[in-house]
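One structure below.
There are 2 protein chains.
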Amino acid sequence: MNPTPRKLEIITIASALFKDRGFSAVTMRDIAKAMGIKAASLYNHIKNKEEILTFIIISLAEEFINGIDEIKEENNTCIDKLKKIIALHVDIATRNTNGMASLNNDWMHLKDQLDYYLTLRVNYEDTFRTIINEGIKKNEIKSINSDIMLFSILSTLRSLYIWIPQKEDMNSSLLATNLSEVLLKGINK
Amino acid sequence: MNPTPRKLEIITIASALFKDRGFSAVTMRDIAKAMGIKAASLYNHIKNKEEILTFIIISLAEEFINGIDEIKEENNTCIDKLKKIIALHVDIATRNTNGMASLNNDWMHLKDQLDYYLTLRVNYEDTFRTIINEGIKKNEIKSINSDIMLFSILSTLRSLYIWIPQKEDMNSSLLATNLSEVLLKGINK
DNA sequence: TTAACAAACTAACAAACGTTAGTTTAAGAC
DNA sequence: GTCTTAAACTAACGTTTGTTAGTTTGTTAA
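Here's what the structure looks like:
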């Protein structure tokens, strides 16, 4: 934890490669080449390949958990909590597009920290679902199977990293506003 | 094309492994072991590893293109066309959950057919967007940036393969109905 | 001037990779 | 009983993989 600047460079460059080709298809020599050094030199800064992936994924997962834990405690309507969750995803995905790819697609290649990651994910989804269920109870949200609503919203939010780089012109808060409209109120007039 | 039964077995088993670990992390020896034979024996039935991935992805991509091309021609409201697209995704994802994982996550490892896949995908998204834009013009759909609506709906549909196996109890047509409600009309009461 | 250190290097490793070549086995057809 | 064929096998190949060990380089501090 708390990586040196050089270590952070490696992680950043590796993230970009992982996004394009996936963790397994990127070699240490690929990462080294992208940094302009030799593969063996990477080991002056990192323990092994796994450590790079672990850092990318765990730090993002913790960012999400911290974000949603804060939101759930607020004194707010459930709909407003959901809007804040949407903004949280837009914010993180905008700041770390590449890392989001690993979080979504490469988590299964974690070893030491796989169990920890999975509990973080379960906790996140549980909190999300609880907020939806509260919204149903308080008559803010339709009484549909809450898993379907959770799935539908979360799938969109998890895919943001793919679309955000294609729409660089659109600013984050406008994107969050429009997404909230679409996800919460639908597209049907 | 038109694979022998044995070849189809290989593709089916490989799909399951690709879903769990991704194309690059699955070796020919893994596939062989799952079939109870040796890796070299696979080559009696398939040309190489790439051919397995290509078959999985291209046949699915063509299924989607054929499906949406039929839907767009129908004499129907745009909202009903979107409902049919949602049902199309639920149907295909239910019938080939494992293949959908490769379509979503491993398409970048295609070689010979990468360009063909990309044109299929662009065509699919263009048709989808055209239907949304017609809906806006006909006042069936809200006048929000159509890319955001497309992205939001399509992200959910593309993730179906992850959730469907977790909800085996829910039947396909009920899932499609509920999804249509959520995606088209939102969750806000 | 020398000592210390970070960060690069070269060289090599054992293991795993996709794939090829040639051979064996078992079943059905003539 | 021989021929054919499908589908498995063993053995090996050249490459690439992640990683280690030991060395050199260049900068900063004493």
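Quick mapping for you: the protein sequence lines, in order, are chains A and B. Using my numbering, the first residue of the first sequence is number 1, and each one after it goes up by one. Using my numbering, the first residue of the second sequence is number 1001, and each one after it goes up by one. Positions of the beta carbon are idealized from the N, C-alpha and C atoms, including for glycine.
If you look at residue 63(A), you'll find it in the alpha helix (DSSP H) that goes 49-73. Beta-bridge partners assigned by DSSP to residue 188(A): 1141(B).
Exposure of residue 38(A) is indicated by the presence of fewer than 16 other C-beta atoms within 10 angstroms of its C-beta.
Against residue 64(A), chain B offers no close residue; the least beta-carbon distance is about 17 angstroms (beta-carbon pairs closer than 7 angstroms). A Cβ-Cβ distance of about 7 angstroms is found for the pair residue 167(A) and residue 1147(B), placing them in contact under the 8 angstroms criterion. CA-CA distance, residue 152(A) to residue 1189(B), rounds to 16 angstroms. Put simply, the CB of residue 1148(B) is near chain A, with a gap under 8 angstroms to one of its CB atoms.
Taking C-alpha positions only, residue 60(A) is separated from residue 103(A) by approximately 7 angstroms. Distances from the alpha-carbon of residue 1098(B) to those of 1004(B), 1011(B), 1007(B) put 1011(B) closest.
At least 8 angstroms separates the CB of residue 99(A) from every CB of chain B. By the C-beta density criterion, residue 1106(B) is buried, having at least 16 other C-beta atoms within 10 angstroms. Distance from residue 164(A) to residue 94(A) at the Cβ level is roughly 6 angstroms; contact confirmed, criterion being Cβ atoms closer than 8 angstroms. One Cα belongs to residue 156(A), the other to residue 1022(B), and the distance between them is close to 21 angstroms.
About 7 angstroms separates the CB atoms of residue 3(A) and residue 55(A); that is less than 8 angstroms, so the two are in contact. Residue-level contact by beta carbon holds for residue 1022(B) and chain A, with a gap shorter than 8 angstroms. Interface annotation for the segment 1128-1145 of chain B against chain A: 1139, 1140, 1141, 1142, 1144, 1145, criterion Cβ-Cβ distance under 7 angstroms. Membership of residue 10(A) in the alpha helix (DSSP H) is indicated by the continuous run 5-21. The three-state secondary structure of residue 1113(B), taken from DSSP, is coil. For residue 1117(B), the number of other beta carbons within 10 angstroms of its own is at least 16, and it is reported as buried. About 6 angstroms separates the CB atoms of residue 1082(B) and residue 1184(B); that is less than 8 angstroms, so the two are in contact. DSSP places residue 1091(B) in the helix class (H, G or I) of the three-state scheme.
Contact annotation: residue 1025(B) and residue 24(A) have beta-carbon atoms nearer than 8 angstroms. When C-beta distances to chain B are compared with 7 angstroms, the residues of the segment 64-97 of chain A below that value are 79, in chain order.
Annotation for residue 1161(B): the continuous alpha helix (DSSP H) segment containing it runs 1160-1163. Burial check for residue 1084(B): the Cβ neighbour count within 10 Å reaches 16 or more, so the residue is buried. Taking CB atoms only, residue 15(A) has no neighbour in chain B less than 8 angstroms away. Interface residue (Cβ-Cβ distance to chain A less than 8 angstroms): residue 1031(B) is not classified as such.
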